[in-house]
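First comes the structure, then the notes that go with it.
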């Protein structure tokens, strides 16, 4: 079993939709959970992170962690074509990130 | 702004060649990482280094070696390239110290797409 499972998609939605991206993980010791965004032909860049359980909001993006079920979510409200990218969840294990496979998202006008 | 640069965006090599991928960061970061990224598999850690001349194996070190002679530079070496090493290679760096996201956020370079024929 992989430490982090993420559906690779692709996920295609119309502009303005609410998008839900999800991961599950197996190691209950993880405390920090990062989300990276990767545009085509670019390296990943940090989008946001959460600590332990709960929600964190940043503009149109909300990250959520449910430690009891080992479930990580990223919600995008009012999605835009510029949100089209691959989104990678990455729990922090010590000083290393454990990446999911990434979900490719396409937002069409 | 943290900047991580990689020596080539695209590289084509032949089977059996020795290949060097170079990565440089300009933020005095302690930790540096090499990943490969393949469709459906995500980012897999090849090697990382937490100090000059120090290195540790990641999840898939077979067929690779690394060198870190200077703090800002981390090289990935394919001793004898094979077709199954065709991939996107990403370098990253972080401040280090295992203090959580403020020090362990990784900053990535643009990647090198390596094709081995």
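Protein chains in written order, with the working numbering: chain Z, 1 to 109; chain F, 110 to 226.
Backbone N, C-alpha and C define an ideal beta-carbon position, used for all residues, glycine too.
(message) Using only the alpha-carbon positions, how far apart do residue 97 of chain Z and residue 34 of chain Z sit?
(response) The sequence position of residue 97 of chain Z within the first chain is 97, counting from 1. The sequence position of residue 34 of chain Z within the first chain is 34, counting from 1. One Cα belongs to residue 97 of chain Z, the other to residue 34 of chain Z, and the distance between them is close to 8 Å.
(message) Rounding to the nearest angstrom, what Cα-Cα distance links residue 85 of chain Z and residue 170 of chain F in this structure?
(response) Here the question's residue 85 of chain Z lines up with position 85 in the first chain. Here the question's residue 170 of chain F lines up with position 61 in the second chain. Their backbone Cα atoms lie some 28 Å apart in a straight line.
(request) May I ask you to report which of helix, strand or coil DSSP gives residue 212 of chain F? (result) As a first step, residue 212 of chain F must be located in the second chain, where it is residue number 103. Residue 212 of chain F: helix per DSSP, three-state reduction.
(message) So, does the stretch 42 to 62 of chain Z touch the stretch 3 to 21 of chain Z, judging by three or more C-beta pairs under 8 Å?
(response) no
(request) Closer than 7 Å by C-beta to residue 102 of chain F: which residues in its own chain qualify, once you throw out the five before and the five after it? Chain order, please. (result) Summary: the structure shown does not reach residue 102 of chain F, with chain F confined to residues 110 through 226, and so no result is reported for it.
(request) Would you mind telling me which residues of chain Z sit closer than 8 Å to residue 140 of chain F, beta carbon to beta carbon, in chain order? (result) The residue labelled residue 140 of chain F in the question sits at position 31 within the second chain. Result: 95.
(request) Report the rounded CA-to-CA distance for residue 71 of chain F versus residue 90 of chain Z, giving the unit in angstroms. (result) Residue 71 of chain F is absent from the structure shown; chain F starts at 110 and stops at 226.
(message) Below 9 Å on C-beta distance, what does residue 42 of chain Z contact in chain F?
(response) Working through the first chain from its first residue, we reach residue 42 of chain Z at position 42. By Cβ distance, chain F contributes 217, 219 and 220.
(request) Whole angstroms is fine: what's the gap from residue 73 of chain Z's alpha carbon to residue 8 of chain Z's? (result) For the purposes of this step, residue 73 of chain Z is taken as the residue at position 73 of the first chain. For the purposes of this step, residue 8 of chain Z is taken as the residue at position 8 of the first chain. Cα to Cα, residue 73 of chain Z sits roughly 14 Å from residue 8 of chain Z.
(request) Please report how far the alpha carbon of residue 29 of chain Z lies from the alpha carbon of residue 102 of chain Z, in whole angstroms. (result) Start at 1 with the first residue of the first chain, and residue 29 of chain Z comes out as number 29. Start at 1 with the first residue of the first chain, and residue 102 of chain Z comes out as number 102. For residue 29 of chain Z and residue 102 of chain Z, the distance between alpha carbons rounds to 22 Å.
(request) Would you kindly check if the distance between the Cβ of residue 194 of chain F and the Cβ of residue 225 of chain F is under 8 Å? (result) In the second chain, counting from the first residue as 1, residue 225 of chain F sits at position 116. In the second chain, counting from the first residue as 1, residue 194 of chain F sits at position 85. Yes, the Cβ-Cβ distance between residue 225 of chain F and residue 194 of chain F is below 8 Å.
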